[in-house]
Structures are given as C-alpha cells and as structure tokens.
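The sequence shown begins at 12 in my numbering and counts up by one.
Just so you know, even glycine gets a beta-carbon here, dropped at the ideal spot from N, CA and C.
Model, not experiment: these values are computed from the prediction.
Please read the structure below before turning to the comments.
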Amino acid sequence: MNILVTGGAGYIGSHTCVALLAAGHSVIIADNLRNSKRETVAKIMQIAVKEVAFYEIDVTDSRAVDEIFMNYKIDGVIHFAGLKAVGESIEMPLDYYYNNIVSTLVLAKACQKFNVNKFVFSSSATVYGDNTVPFVETMDLLPTTNPYGETKSMSERILTDTAKANPSFSVSILRYFNPVGAHESGLIGEAPNGVPNNLMPYVTQVAKRKLEKLRIFGNDYPTVDGTGVRDYIHVVDLAEGHVAALGNLINGVHTYNLGTGKGTSVLELIKAFDQANNIKIPYEISDRRPGDIASCYADASKAKNELGWEARLNIYDMCRDAWRFEKNHK
Ligand code: NAD
Ligand code: UFG
12 MNILVTGGAG
22 YIGSHTCVAL
32 LAAGHSVIIA
42 DNLRNSKRET
52 VAKIMQIAVK
62 EVAFYEIDVT
72 DSRAVDEIFM
82 NYKIDGVIHF
92 AGLKAVGESI
102 EMPLDYYYNN
112 IVSTLVLAKA
122 CQKFNVNKFV
132 FSSSATVYGD
142 NTVPFVETMD
152 LLPTTNPYGE
162 TKSMSERILT
172 DTAKANPSFS
182 VSILRYFNPV
192 GAHESGLIGE
202 APNGVPNNLM
212 PYVTQVAKRK
222 LEKLRIFGND
232 YPTVDGTGVR
242 DYIHVVDLAE
252 GHVAALGNLI
262 NGVHTYNLGT
272 GKGTSVLELI
282 KAFDQANNIK
292 IPYEISDRRP
302 GDIASCYADA
312 SKAKNELGWE
322 ARLNIYDMCR
332 DAWRFEKNHK
C-alpha cells in the first residue's frame, strides 16, 4: 500500500517508516521538520535500503496536503504529526490546539475528498487520566491536566464522529504508553531539543555526562518503591504495532492500547539501565512533578487478540538501545 506518514521524520514516525518499508509498503512522508531533521529521512532509507518520498509541508495546510493526495494514490494515512511537550502545551495552548486539532481535521477531510478509508491515529495513554491501572480501552476517559492531553481526546472524538457519519471510514486509534529505545542500528532514535522532559532521554544524557544527575520526581507514591510507575515500550515494538493496525483495519473506529502491560518504577528503570549498560545513574529525590500520576500501565490484551500484536522487547533491550543511540548521537 502507499502510506502517507505525517510526522514521519520524528521519533516514532521514523521507526514506523522503517517497519512499513520492511513489510513491503511504500511510504510518503509529510513533515515540517519543526521537531526533527531532514537527515532522518536519509537514515530511514539507509536502514530500509529503499526510497521514500519526502514533502516538507505543514499538514495544517490543506492545499499542500491535497497536492500529495493528487500526486499519489494514497491507500492509508498514519497521522503522527503533532506537538507533544506537556509543559510547553500549558505555556502555548493555542499553538497546541491549532496544530494538533487542525492537522487531524485537514487530514480527515482530505481522506473524504480523495476516498481514502484507512486512517491510523497516534493517541496517548494520557487520555485515561488518573484511572485505576491497568488501563483498558473501555474505560471512560478522564480529563487530562494539560492542553496536549486534551488535543488527543478531542482528535479521538473528531475521528469517531467522522467514522460514524462515513461507514466506510476505518480508523485505528492507538494509545501509546511510554515509548523509549531506538533502532538497533543506532542511526535513528529520540533526540529532544534542550534538556529532556522525559525519563529515558534524561537518563541517557546523565550516562553521557551531559547532565549531572537525575532528579526523581517523588518517592512517596503508592507504588512498589514510592517512585512513579510507567509502561515503557520499545519504539521498534510500537512501530510494528502500526503495521499490525494498518493490516487489520475494519470499518468504524477501533481503539487499541500499545503497551507491554508491565509497569516499571523509576528506580527499577535506572537499575535495569545499570544492568544493561554497566553504568550507574546518580540521582537525588526531589518533589513530585505537578500533573504526574502514580501509575500508568496498559491492559494490552485487546491488541494481542485483535491485531495479533504484542511487545517482544524488554526493559533491558530498551535501556541498551536507548544508550547505543545516545552514544552515537552528536
Ligand atoms: P516527534 O516530535 O519526534 O515527531 C512528530 C513529528 O511531527 C516531528 O517530526 C514534527 O516535525 C512533525 N510535525 C509536528 N507538527 C507538524 C505539522 N503541523 N505538519 C507537519 N509536521 C509536523 O514526536 P513523537 O514522539 O514521534 O510522537 C509522534 C506522535 O505520537 C505525536 O502525535 C505524539 O503526540 C504521539 N505520542 C507520543 C508519545 C511519546 O512519548 N513520544 C506518547 C504518546 C503519543
Ligand atoms: N521522571 C523523573 N525524572 C525526570 C523525568 C521523569 O523522575 O527527569 C519520572 C516521572 O515523574 C514519571 C516517569 O519518570 O514517574 C516517567 O516520566 P516521563 O516524563 O518520561 O513520562 P510521562 O509518563 O510523564 O509522560 C509520557 C509523555 C506524555 C504521554 C504519557 C503517556 O511525555 O506525552 O507518557 O503516554 F502522554
């Protein structure tokens, strides 16, 4: 199939392009490079030993998007393009609502206009809010604590209503848990600008001595050791989840958790990092981070039963591959 991958130069998108190419699909990337680099497109082609088409466009620009649909017979869209920094979304809510909502509207409209019925959307476990773990797809969504999270709930709603009105539209909403790690080649991975907000890139930068020590945000949560518990998932597994979702699209909207189903605390993660890479991460305990919840992990059984997909890689693989990328990355 010819798949339009918006945000395909980004962290999860680039790994998914590699997985799509390996599965025999053709890939057209649309990315404005706001949070990524053009070199990543070359690296995708280097890993896959295949060509991809690249359009440096903003997917909120409906004319530019329509042009791609006119140039190619698009069979399906995977929509990754979006802004994703929780803190920044509180400071710049209008940018977040505009970018993340308008991009979804423009792409869904283009699908209708050009009769494209396959759509896969990047959502987030954040839409569950502070529900009881494990999070199951049937749970009522709770308000998130930030505009970023709200853009995901709203986009889910927009796609659900669109599919209701258009019975041949097939949408897979994928709720990611905590993607970490990198491709085993060490060529592509997560390279955040500035000081990382997320745990794994922070840990790898401490390991590289770019940062002095990790601050653990709270050790008084009701968890195994008091530190926050998350469902870390290797980005290569996550990428393969998209190929499975695309291959199993059925009419209507279907929502899947993409996680491992296993929670890991912050202290457990830095222990696993040491075991995988033989590097001790210095840390100090600091206050809780506002908006954080104690535990977040998936019930991952629906994706296994309906998509035939489950995560294969474990926390040591994630720590090893994240570190390999950080070491190679200048
Ligand atoms: P990323 O920032 O690495 O990739 C997003 C890409 O989209 C970037 O290359 C950016 O340049 C591009 N982009 C943003 N707005 C655009 C626009 N208007 N037009 C064209 N390109 C645009 O982020 P990621 O981690 O790869 O995340 C991909 C998607 O998955 C996002 O929608 C994100 O919200 C979602 N998600 C990510 C996580 C995570 O922890 N990484 C968790 C849950 C959901
Ligand atoms: N943490 C620290 N120190 C740090 C960074 C994080 O102790 O420097 C802790 C957090 O308190 C949390 C855990 O590590 O307990 C994971 O934090 P991340 O920031 O890596 O991830 P979050 O679960 O907070 O959020 C991520 C994405 C969101 C997404 C959510 C659910 O950033 O966009 O996963 O998918 F919505």
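Handout entry: Buried versus exposed call for PRO293 [16 or more other C-beta atoms within 10 Å across all chains shown]
Key = The count along the sequence shown starts at 1 and reaches residue 293 at position 282. Classification for PRO293: exposed.
Practice task
Could you say which of GLY93, VAL235, ILE85 and ILE58 lies nearest to VAL70 if we only look at CA atoms?
Solution key: Along the sequence shown, one-based indexing puts residue 70 at 59. Of the listed residues, the one whose Cα sits closest to VAL70 is GLY93.
Exercise for the section: Say yes only if the C-beta of ARG45 is nearer than 7 Å to one or more non-hydrogen atoms of the ligand NAD, and no if none qualify. Expected result: Your numbering for residue 45 matches position 34 in the sequence shown. Checking every heavy atom of the ligand NAD against the Cβ of ARG45, one is found closer than 7 Å.
Problem - Status (buried if at least 16 other CB within 10 Å, exposed otherwise) for VAL235 - result: Indexing the sequence shown from 1 puts residue 235 at position 224. VAL235 is classed as exposed because its beta carbon has fewer than 16 other beta carbons within 10 Å across all chains shown.
Handout entry: LEU116 versus ILE169: straight-line alpha-carbon distance, rounded
Key = On the sequence shown, position 105 is the one that residue 116 refers to. On the sequence shown, position 158 is the one that residue 169 refers to. Using only the alpha carbons, I get a separation of about 8 Å.
Problem - Contact test: ASN13 Cβ vs the ligand NAD heavy atom, cutoff 7 Å - result: Looking up residue 13 in the sequence shown gives position 2. In this structure, the C-beta of ASN13 stays at least 7 Å away from each heavy atom of the ligand NAD.
Exercise for the section: Look at the alpha carbon of ILE55 and the alpha carbon of ASP231, and state the distance between them as a whole number of angstroms. Expected result: Along the sequence shown, read from residue 1 onward, the residue named residue 55 stands at position 44. Along the sequence shown, read from residue 1 onward, the residue named residue 231 stands at position 220. If you take the alpha carbons of ILE55 and ASP231, they lie about 42 Å apart.
Exercise for the section: Give a yes or no on contact between the segment 137–145 and the segment 153–170, applying the rule of three or more CB pairs nearer than 8 Å. Expected result: yes
Handout entry: the segment 12–20 contacting the segment 77–92, beta-carbon criterion three pairs below 8 Å
Key = yes
Handout entry: Which listed residue (ILE68, ALA30, LEU32 and LYS175) has its alpha carbon closest to that of VAL264
Key = Here residue 264 corresponds to residue number 253 of the sequence shown, with the count starting at 1. Here the closest residue by C-alpha is LYS175.
Exercise for the section: Work out the CA separation of VAL97 and ILE46 for me, nearest whole Å. Expected result: Within the sequence shown, the letter at position 35 stands for residue 46. Within the sequence shown, the letter at position 86 stands for residue 97. In the sequence as presented, Ile is not what sits at residue 46; that position holds Asn. Their Cα atoms are separated by approximately 14 Å.
Practice task
To the nearest angstrom, report how far apart LEU31 and ALA53 are at their CA atoms.
Solution key: What you label residue 31 is simply residue 20 of the sequence shown in a count that begins at 1. What you label residue 53 is simply residue 42 of the sequence shown in a count that begins at 1. Going from the Cα of LEU31 to the Cα of ALA53 covers about 15 Å.
Exercise for the section: Check whether the Cβ of SER135 sits closer than 7 Å to any heavy atom of the ligand UFG, and report yes or no. Expected result: As a first step, residue 135 is located in the sequence shown; it is residue number 124 there, counting from the start. True, at least one ligand heavy atom lies under 7 Å from that Cβ.
Exercise for the section: For ARG299, collect the residues of the same chain with a Cβ closer than 6 Å to its Cβ; drop the 5 residues on either side in sequence, then sort them by chain order. Expected result: Numbered from 1 along the sequence shown, position 288 holds the residue referred to as residue 299. Closer than 6 Å at Cβ, skipping near neighbours: PHE228 and GLY229.
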